[in-house]
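*Asks:* Remember, our numbering sits 177 above the position in the sequence shown when you count from 1. Here a beta-carbon is modelled for each residue, glycine too, at the ideal position from N, C-alpha and C.
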Amino acid sequence: MGKKAAQRTKRSTAKGGRTAAAKDEPALLSNPFAAPAPPAAIAIFGASGDLTQRKLLPALYNLAAAGLLNESFAVVGVARAELSDSEFRRKIGEDVRTYCTHECDSRLLDWLQRRCYYVSGAFEDQTTFAKLAKVLEQADTRHGTQGNRLYYLATAPRYFAPVVRALDEAGLAREDGEGGSKGRPARRVIVEKPFGTDLESARALNAELASVLREEQIYRIDHYLGKETVQNILVFRFGNGLFEPIWNRQYIDNVEITVAESLGIEGRGGYYDTAGALRDMVPNHLMQLLSLVTMEPPTSFDAEAVREEKAKALRAVQPFTPERVLTHAVRGQYGAGYVDGEDVPAYRSEPKVAPRSSTETYVALEMSVDNWRWADVPFYLRTGKRLKRRVSEIAIQFRRPPLLLFRRTGVEHLARNVLVIRVQPDEGITLSFGAKIPGPNVRMGNVAMDFRYEEHFGSTPSTGYETLLYDCLKGDATLFQRADMVESGWSIVEPLLAVWKALPPRDFPNYAAGTWGPRAGDELLERSGRRWRNPED
Ligand code: BG6
178 MGKKAAQRTK RSTAKGGRTA AAKDEPALLS NPFAAPAPPA AIAIFGASGD LTQRKLLPAL
238 YNLAAAGLLN ESFAVVGVAR AELSDSEFRR KIGEDVRTYC THECDSRLLD WLQRRCYYVS
298 GAFEDQTTFA KLAKVLEQAD TRHGTQGNRL YYLATAPRYF APVVRALDEA GLAREDGEGG
358 SKGRPARRVI VEKPFGTDLE SARALNAELA SVLREEQIYR IDHYLGKETV QNILVFRFGN
418 GLFEPIWNRQ YIDNVEITVA ESLGIEGRGG YYDTAGALRD MVPNHLMQLL SLVTMEPPTS
478 FDAEAVREEK AKALRAVQPF TPERVLTHAV RGQYGAGYVD GEDVPAYRSE PKVAPRSSTE
538 TYVALEMSVD NWRWADVPFY LRTGKRLKRR VSEIAIQFRR PPLLLFRRTG VEHLARNVLV
598 IRVQPDEGIT LSFGAKIPGP NVRMGNVAMD FRYEEHFGST PSTGYETLLY DCLKGDATLF
658 QRADMVESGW SIVEPLLAVW KALPPRDFPN YAAGTWGPRA GDELLERSGR RWRNPED
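1) DSSP three-state call for S468: helix, strand or coil?
2) Whose CA, out of T644, R267, W288 and W677, lies closest to the CA of G403?
3) Compute the Euclidean distance between the alpha carbons of F210 and A243, then round it to the nearest angstrom.
4) What I want to know is whether the C-beta of D603 ends up closer than 6 Å to one or more non-hydrogen atoms of the ligand BG6.
5) Please state if the CB of F306 and the CB of A338 are separated by a distance shorter than 7 Å.
6) I want to check one thing, is the minimum distance from the CB of D457 to the heavy atoms of the ligand BG6 below 6 Å?
7) Under 8 Å, with one C-beta from each stretch per pair, do the segment 244–253 and the segment 316–333 reach the 3-pair mark?
8) Helix, strand or coil: how does DSSP classify V588 here?
9) Which of the three DSSP states is assigned to I269 in this structure?
10) With distances taken from CA atoms, which of L286, Y401, R231 and G441 is nearest K565?
11) Looking at the secondary structure, which residues open and close the alpha helix (DSSP H) in which G447 lies?
12) Helix or strand or just coil, what does DSSP make of R380?
13) When you compare only the Cα positions, how much space is there between R426 and S545?
14) Whose C-alpha, out of V568, R593 and G453, is nearest the C-alpha of L580?
15) Starting from the C-beta of P712, find all residues in its chain whose C-beta is less than 6 Å away, skip the five residues before and the five after it, and write them out in chain order.
16) How would you call V296, buried or exposed, if buried means at least 16 neighbouring beta carbons within 10 angstroms?
17) If you follow the alpha helix (DSSP H) that C649 is part of, which residue opens it and which one closes it?
18) Taking E271 as the reference, which of R257, Q290, G254 and S261 has the closest Cα?
19) How far does the alpha helix (DSSP H) with I669 in it reach, from first residue to last?
20) With DSSP as the reference, label R188 as helix, strand or coil.
21) Within 6 Å: the Cβ of A381 and any heavy atom of the ligand MN?
22) Closest to A493 by C-alpha separation, out of A513, K678, E537 and D553, would be which residue?
23) Rounding to the nearest angstrom, what Cα-Cα distance links A199 and A387 in this structure?
24) What residue from R284, Y294, P496 and W709 has the CA that sits closest to K268's CA?
25) If you compare alpha carbons, which of E421, E438, L376 and Q315 is closest to G691?
26) Buried or exposed, going by whether 16 or more other CB atoms sit within 10 Å of the CB of A191?
27) Using the C-alpha atoms, what's the distance from G641 back to S358?
28) By the DSSP assignment, the alpha helix (DSSP H) with T318 in it spans what residues?
29) Only counting the same chain, and skipping five residues up and downstream in sequence, which positions put a Cβ closer than 7 Å to that of L702?
30) Is the beta carbon of P578 closer than 7 Å to that of L596?
31) With F250 as the anchor, note down where its alpha helix (DSSP H) starts and where it stops.
32) With a 10 Å radius around its C-beta and 16 neighbouring C-beta atoms as the bar for buried, classify D399 as buried or exposed.
33) Apart from the five residues just before and just after T476, which ones in its own chain have a Cβ nearer than 6 Å to its Cβ?
34) Could you check whether Y396 and F222 sit closer than 7 Å to each other, using their CB atoms as the reference points?
35) For the alpha helix (DSSP H) containing N409, list its first residue and its last residue.
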């Protein structure tokens, strides 16, 4: 959804401006920039979970408010808890009101609630799926959803394959006839992360899904691609004449990708202690950012054109040999410290974390993309929990100009031009360059041109899932991962997992919460005379 579109829609809500629709229904707002998604019913597996409460339901409400849901729409929650339809609807009302970042329009919320149904049952039990089939049929009759179904697997990963198999057994998964959904009801499945825990398990899951579904029916989600700033990387690179000609090894010295969190593991010790920072963030979110920065221009915005270029970029990443793991990768774990004005405990003291855990909460990598555009340009990636600040950004560091001209001036050093794409928070883009400090002598200072999303476009109520849900409803897979992309992500980190597993446990903790990570992370850059851009140290 375009931000402007949503903003305008928001304004028109404020004025009470609605378009006409059936008399007994409050009309959905229309959107002047985008058509509503086609009719469909969404079945959410894991309907009582955190993701559904905090993100998916508020996102559906936001889509409705932006005029992007069809009048012919229904939601079916599926979970183990015993709830009636009306209890589920009440809960939806509470969740949307709690987790939407703005005031809700009660008529619109009521519109959404009246389209919500609930099926209680275990995911291992085939009768759950028989009940679901019935409710979906009713939705077709009552709401005109035309047999189009979107199944959202917001469950623990161990249920991904069994739910898809059970859907198939209940006759709910296959799109009838050869050639897919053209003119026939669409059956799509959104698969949440984590998609596997290593290359082998990701391949196995892909194979399981492929035994039931065609690749075009599978939407592997990476919520980083729901972020406007991440989507903008493509538009920024390829929609401007200025940057693409210099977006290569001739002009770029190095690229830093930082996804730093000041939060800890937020009660997710059970999952995190078996995953660690590498699995949790690198094959998915960081590889998405890397591929968007390094990909070649696609020939169109079609899903296949975009995804093929991203996949090629990932295939060009130089594999880590065991030796390179030792020299080009750093892991860390936080000890107790002070973050955002609070004393916080060490990772090992977090609930459900082993007291001698050797799980990493920080990773820094030096990577190379071995193709004509990027050979010899180091890519430094880092991510971690309990770092000094929450900041995700991509810093493109350009080569320094020669100093010759300035030799007889007071200028002793020319700073690099840096283009920073701020993914979050304070979303925007900054280009820094040198300028003459006014005065009789030649002196230089670093200045910046700054674009801030919020200042320019205003803010839009968003959970980050709106575009992804809308795209999936429309059958546009551009922002979703293809099977081979997920496997490439795992292939890249596989040698790290193997070497780290084979080595004796690390001397953890090796950084204090509230710092920028272990010393070794800084040394990764210092050995080539560089240093991390630590925003507003
Ligand atoms: C999730 C990880 O995928 O992404 C979390 O499992 C992490 O550990 C989160 O905190 C970060 O997402 P965001 O959108 O807050 O940057």
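*Replies:* Walking through what the data contain:
1) Mapped onto the sequence shown, residue 468 falls at position 291. The answer is helix: DSSP assigns S468 an H, G or I state.
2) Reading the sequence shown from its first residue, position 226 is the one you call residue 403. Closest option to G403, Cα to Cα, is T644.
3) Within the sequence shown, numbered from 1, the residue matching residue 210 stands at position 33. Within the sequence shown, numbered from 1, the residue matching residue 243 stands at position 66. The straight-line gap from Cα to Cα measures roughly 10 Å.
4) Taking the first residue of the sequence shown as 1, we reach residue 603 at position 426. No, the Cβ of D603 stays beyond 6 Å of every heavy atom of the ligand BG6.
5) On the sequence shown, position 161 is the one that residue 338 refers to. On the sequence shown, position 129 is the one that residue 306 refers to. Cβ atoms of A338 and F306: not closer than 7 Å.
6) Along the sequence shown, read from residue 1 onward, the residue named residue 457 stands at position 280. Yes, since a heavy atom of the ligand BG6 falls inside the 6 Å radius drawn around the Cβ of D457.
7) yes
8) Counting from one through the sequence shown, the residue named residue 588 turns up at place 411. If DSSP states are grouped into helix, strand and coil, V588 belongs with coil.
9) Within the sequence shown, numbered from 1, the residue matching residue 269 stands at position 92. It is helical.
10) As a working note, residue 565 is residue 388 in the sequence shown. Looking at the Cα atoms, G441 is the closest of the given residues.
11) Walking along the sequence shown from the start, residue 447 turns up at place 270. Its alpha helix (DSSP H) spans residues G446 to M458.
12) The residue labelled residue 380 in the question sits at position 203 within the sequence shown. In this structure, R380 counts as helix in the three-state DSSP scheme.
13) Start at 1 with the first residue of the sequence shown, and residue 426 comes out as number 249. Start at 1 with the first residue of the sequence shown, and residue 545 comes out as number 368. Distance between the alpha carbons of R426 and S545: 11 Å.
14) As a position in the sequence shown, residue 580 is number 403, starting the count at 1. Of V568, R593 and G453, the residue nearest in Cα terms is R593.
15) Within the sequence shown, numbered from 1, the residue matching residue 712 stands at position 535. Closer than 6 Å at the Cβ level, and outside the excluded window around P712, lie V568.
16) In the sequence shown, counting from the first residue as 1, residue 296 sits at position 119. Buried, by the Cβ-count rule.
17) Numbered from 1 along the sequence shown, position 472 holds the residue referred to as residue 649. Note, C649: alpha helix (DSSP H), E643 to K651.
18) Counting from one through the sequence shown, the residue named residue 271 turns up at place 94. Residue Q290 is the option with its Cα nearest to E271.
19) Numbered from its first residue, the sequence shown carries residue 669 at position 492. Its alpha helix (DSSP H) spans residues A660 to A679.
20) As a working note, residue 188 is residue 11 in the sequence shown. Low confidence applies here, because R188 scores a pLDDT of 36, under 50, leaving its location unreliable; read the following figure in that light. Three-state result, R188: helix.
21) Although the ligand MN was asked about, the structure shown includes only the ligand BG6 as ligands.
22) Residue numbering aside, residue 493 sits at position 316 when the sequence shown is read from its first letter. Measuring from the Cα of A493, the nearest candidate turns out to be D553.
23) Reading the sequence shown from its first residue, position 22 is the one you call residue 199. Reading the sequence shown from its first residue, position 210 is the one you call residue 387. Low per-residue confidence applies at A199: pLDDT is 42, beneath 50, and the placement is therefore not dependable enough to give any value.
24) Position 91 of the sequence shown holds residue 268. Checked all of R284, Y294, P496 and W709; the closest Cα to K268 is Y294.
25) If you number the sequence shown from 1, residue 691 lands on position 514. Residue E438 is the option with its Cα nearest to G691.
26) Numbered from its first residue, the sequence shown carries residue 191 at position 14. With a pLDDT of only 33 at A191, under 50, the local geometry of the prediction cannot be trusted, and the value read off the model is given with reservation. The residue in question, A191, is exposed, as its Cβ has fewer than 16 Cβ neighbours within 10 Å.
27) The sequence position of residue 358 within the sequence shown is 181, counting from 1. The sequence position of residue 641 within the sequence shown is 464, counting from 1. Legend: pLDDT at S358 = 46, less than 50; position of this residue unreliable, value from coordinates given subsequently. Using only the alpha carbons, I get a separation of about 27 Å.
28) Numbered from 1 along the sequence shown, position 141 holds the residue referred to as residue 318. Looking at the DSSP string, the run of the alpha helix (DSSP H) that includes T318 is Q303 to H320.
29) Here residue 702 corresponds to residue number 525 of the sequence shown, with the count starting at 1. Cβ neighbours of L702 beyond the five flanking positions: Y557, R708 and W709.
30) Position 419 of the sequence shown, counted from the start, is the residue given in the question as residue 596. Position 401 of the sequence shown, counted from the start, is the residue given in the question as residue 578. No.
31) Numbered from 1 along the sequence shown, position 73 holds the residue referred to as residue 250. That residue, F250, is in no alpha helix (DSSP H); its beta strand (DSSP E) goes F250 to A256.
32) Residue 399 sits at position 222 when you count from the first residue of the sequence shown. Classification for D399: buried.
33) Locating residue 476 in the sequence shown gives position 299, where the first residue counts as 1. The residues are A482.
34) Taking the sequence shown and counting its residues from 1, the one referred to as residue 222 is at position 45. Taking the sequence shown and counting its residues from 1, the one referred to as residue 396 is at position 219. In this structure, Y396 does not lie closer than 7 Å to F222 by Cβ.
35) To locate residue 409, count along the sequence shown from 1; it is residue 232. Per DSSP, N409 belongs to the alpha helix (DSSP H) from E405 to F415.
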